[in-house]
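Protein sequence lines, in the order shown, are assigned to chains F and Y. Each residue of the first sequence is one higher than the last, beginning at 8 in our numbering. Each residue of the second sequence is one higher than the last, beginning at 201 in our numbering.
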Amino acid sequence: MSGTHGDQVDIACRELVEIVTDYLEGALDSAMTAAVERHLAICPHCDRYIEQMRETISAVGHVPVDTLDEQAKADLVAAFRNFHATDR
Amino acid sequence: MTEESGLLATERSPGRGTVGGGETELVGRLRAGDADAFAQLVEDWSPSMLRLARTYVSTQASAEEIVQESWLAVIRGLGRFEGRSSLRTWVFRIVTNQAKTRGVHESRTVPWSSVVAAEQGPTVDPDRFRGPDDRWPGGWTVEGRPTAWEPSPESSAIAGEIRGRLTAALGELPERQRIVVSLRDVHGLSSEEVCGALGITAANQRVLLHRGRAGLRASLEDYYRDTGTGVMV
């Protein structure tokens, strides 16, 4: 559970893993951001957890995606040429 | 044309696209009838448009038709694009409008406003943390700690397998998480683009993103455990 030392917020590992995304998205206020960074500096396990989140995000950017088939794309480019050939 | 000054301009993600040059230059080329620029745009943006359209309709074929219709609308409407949003945001809005029209006909809607059970509770098993009476309450237990991922998911030796695992894990995520993670992390949309396209708040988007990403991380953790490559350090 969270504790405080003076004005300083302390967060437990169990809490940190639930605000990782807010942290990565820059959505935490300055006190919480500082608390996360203090925690990461002394906790190799949470540091590893957040690094694995980053690796996951990076890897998921490489999964195969669907797109239009080549004929559909060619048809669209033809429509673009046609529009500009006739409309100007 | 004035560049917009809002969040959309500052936080726009480059995504997977390879269209180079500034946006003003790109719009100029498109208006001048530069078919190569248009072809590149179709190449770069169709996958994310397709993913967005797919959230409104029940078949891939319908989504493809929406994307094609949207591109035709882009061709016709470029002369009226005022640059008040980014070009990509404008294009996504066209997709959303086209898709909503059709989605109504196909009576398919994703319930974005209600909180569902899949979005509550911890994303990491509470048993991996110490109890309230422990000397370090809420800290990782020895058994619960994340183990090292060796080799890294980016390593060429396992990258294909990692992609397979992540594709499967994406398919198993609850729908709203899958949509948000796909648009953000697979297709590289910014949070503003996702919120705008789906009509959800930034806070709601972050909850879905967090839960989805945590689920994907857990799937890779399972992969490393199953293959015995995760090592306790």
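Every residue gets a Cβ at the ideal spot worked out from N, C-alpha and C, and that includes glycine.
Assignment of residue 245 of chain Y by DSSP, reduced to helix, strand and coil, places it in the helix class. Chain-order list of chain Y residues neighbouring residue 29 of chain F: 406, 410, by C-beta distance under 8 Å. At a cut-off of 9 Å, the C-beta of residue 323 of chain Y has a neighbouring C-beta in chain F. Judged by DSSP in its simplified three-state form, residue 329 of chain Y adopts strand.
Using a 10 angstroms sphere on the CB of residue 385 of chain Y, the tally of other CB atoms reaches 16 or more, which defines it as buried. When CB distances to chain F are screened at a threshold of 8 Å, the residues of the segment 261–281 of chain Y falling below it are 264, 267, 268, 271, 272, 275, 276, in chain order. DSSP, read as helix, strand or coil, puts residue 17 of chain F in strand. The Cβ neighbour count for residue 19 of chain F, taken over all protein chains shown within 10 Å, is at least 16; the residue is labelled buried.
Among the CB atoms of chain Y, none fall inside 9 Å of the CB of residue 15 of chain F. Looking only at Y:351, Y:243, Y:377, Y:346, the smallest Cα-Cα distance to residue 74 of chain F is reached by Y:243. DSSP, read as helix, strand or coil, puts residue 357 of chain Y in coil. Between residue 224 of chain Y and chain F, the shortest Cβ-Cβ separation is not below 9 Å. Taking 9 Å as the cut-off, the Cβ atoms of residue 323 of chain Y and residue 44 of chain F do not count as close. Around the beta carbon of residue 321 of chain Y, fewer than 16 other beta carbons lie within 10 angstroms, which makes this residue exposed. Minimum Cα-Cα distance from residue 231 of chain Y among the listed residues Y:245, Y:280, Y:387, Y:405 corresponds to Y:280. When the Cα atoms are used, residue 353 of chain Y and residue 339 of chain Y turn out to be separated by approximately 26 Å. Residue-level contact by beta carbon holds for residue 83 of chain F and chain Y, with a gap shorter than 9 Å.
If the five residues before and after residue 66 of chain F are omitted, its C-beta is found closer than 8 Å to no C-beta atom of its own chain. Chain Y places a beta carbon closer than 9 Å to that of residue 65 of chain F, counting this residue as a contact. Residue pairing from DSSP places residue 340 of chain Y in a beta bridge opposite Y:329. In the structure shown, the three-state DSSP call for residue 82 of chain F is helix.
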